[in-house]
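Enquirer: Just so we're aligned: the sequence shown equals residues -18 to -1, 1 to 123 in mature numbering (1 follows the signal peptide of the UniProt record, and there is no 0).
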Amino acid sequence: MRLLISLLLLACPLPALAIYKCETGGAVSYRDTPCPGGKSSTIDTAHNTVGPEPQSADPALERQKMELQQLEQTRHRREARDDKAAQKAAKARAARQKKCDGLAQRQKWREEDASMAVGKTAEKARLKARRMAEAYQLECG
């Protein structure tokens, strides 16, 4: 019920009250009725309303706005370039990690082969395992 009453009150437009500036005997007074026998003046309120700010004709302000736009564009280009470089570095790290993982796997297999080898093949297997370990150290440190 309260909501209905509130909506009805909001739906009805409120009348604007007129204010009269009266000058009687050199004294100024303000009333809501026209001045009786006194001097009345009309005040133009169209210029006193608050509205959007007019476009500034200040060249310094316009120059600053242009500089701001240029700086923002430069920053966006730099950020895009940095993001691209970071993605490239991440891709290179991933490729290096994949290569090192493969070398580690092959080294492990060579060591297993060397531990199971007997006789003449044992020396060759140990040599291959040692060389694979050196290659892993050289590539992946």
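Note that beta-carbon positions come from the ideal geometry of N, C-alpha and C, so glycine has one too. What you are looking at is a predicted structure, and each value in this text was computed from that prediction instead of being measured.
Relative to the C-alpha of G83, which candidate in G19, E121, P41 has its C-alpha closest?
Expert: This sequence places Asp at residue 83; Gly is not what is there. For the residues G19, E121, P41, the minimum Cα distance to D83 belongs to E121.
Enquirer: Rounded to whole angstroms, what is the Cα-Cα separation between G7 and P16?
Expert: Taking the straight line from one Cα to the other gives about 16 Å.
Enquirer: Alpha carbon to alpha carbon, what distance is there between L53 and A62?
Expert: C-alpha separation (whole angstroms): 14 Å.
Enquirer: For A107, I'd like the list of residues in its chain whose CB is within less than 6 Å of its CB, leaving aside the five on either flank, ordered along the chain.
Expert: Cβ within range, chain order: D95, A96, A99.
Enquirer: Please report the straight-line C-alpha distance between A86 and K73, rounded to a whole angstrom.
Expert: Each residue's Cα considered, the two are about 20 Å apart.
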